[in-house]
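Reminder that position 93 of the sequence shown reads as 76 in our numbering, one-by-one numbering, no gaps.
Every residue gets a Cβ at the ideal spot worked out from N, C-alpha and C, and that includes glycine.
Written below as structure tokens is the structure these notes are about.
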Amino acid sequence: MPNYKLTYFNLRGRAEISRYIFAYSGIKYEDHRLEGADWPKIKPTIPFGKVPILEVDGVIIHQSLAIARYLARESGLAGQTPVEQALVDAIVDTMDDFMILLPWAEKNQDVRVRQPLTSAISPVHFKLRIPYAYTSSYSSKRHSLCSQHCNICTLSQKAQIFLPVLIQWG
């Protein structure tokens, strides 16, 4: 079994899908959490100056979805067939399209900032109902989204814990 070290800030964010995969799969890993004050010193040592990163036996993988997809393949959560894998990827990427809009949401509760953010998010949130409806109807025939088994898109959707807050804004 490889040695895994996941490095990210001491918050959920972009590492949460990978943490869910580790937990669900029972894979042991080191969860290295960075504090904001330490980031300026550490940033130059990180590939492309961004986290999360995953070290696998000393090899560094960067980009949150690349890490999640790698872990999903390693743990059997990437879909059972090439078509399921493509459907899973499409749903995960759709969730990421939504997440890209949110970096300011928690930092700026000011109405002057929140209102334009809400205006930008509302159309995307509405569009997300289409994939949810699609996956729900698909999954009613199966036990989970795109597969009879839990997979990365199920965990990706569960990792989006901020959705109830956004619904209150809308």
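Selection from the options that minimises the alpha carbon distance to residue i
{"i": "residue -3", "options": "41, 67, 37 and 71", "result": "37"}
{"i": "residue -15", "options": "-6, 5, 74 and 78", "result": "5"}
Cβ pair residue i, residue j closer than 8 Å
{"i": "residue 10", "j": "residue 58", "result": "yes"}
{"i": "residue 35", "j": "residue -9", "result": "yes"}
Alpha-carbon to alpha-carbon, residue j and residue i
{"i": "residue 80", "j": "residue 74", "result": "10 Å"}
{"i": "residue 31", "j": "residue 2", "result": "22 Å"}
{"i": "residue 24", "j": "residue 41", "result": "20 Å"}
{"i": "residue 52", "j": "residue 17", "result": "23 Å"}
{"i": "residue 39", "j": "residue -1", "result": "18 Å"}
{"i": "residue 65", "j": "residue 22", "result": "39 Å"}
{"i": "residue 63", "j": "residue 20", "result": "42 Å"}
{"i": "residue 77", "j": "residue 29", "result": "27 Å"}
{"i": "residue -6", "j": "residue 82", "result": "15 Å"}
{"i": "residue 56", "j": "residue 15", "result": "22 Å"}
{"i": "residue 68", "j": "residue 54", "result": "13 Å"}
Supposed contact pair residue j and residue i - C-beta distance, whole angstroms, cut 8 Å
{"i": "residue 8", "j": "residue 70", "result": "No, residue 8 and residue 70 are not in contact; Cβ-Cβ is about 20 Å, not under 8 Å."}
{"i": "residue -12", "j": "residue 12", "result": "7 Å"}
{"i": "residue 43", "j": "residue 50", "result": "About 10 Å; that fails the 8 Å criterion."}
Closer than 7 Å: residue i CB and nearest the ligand MN heavy atom
{"i": "residue 82", "result": "With respect to small molecules bound, the structure shown includes none, and the ligand MN cannot be examined in it."}
Where in the stretch 19 to 84 do unbroken runs of the alpha helix (DSSP H), each at least 4 residues long, occur, reported from the N-terminal end onward?
22 to 25, 47 to 57 and 65 to 82
Entirely within the stretch -8 to 22 and at least 3 residues each: give me those beta strand (DSSP E) ranges in chain order.
13 to 17
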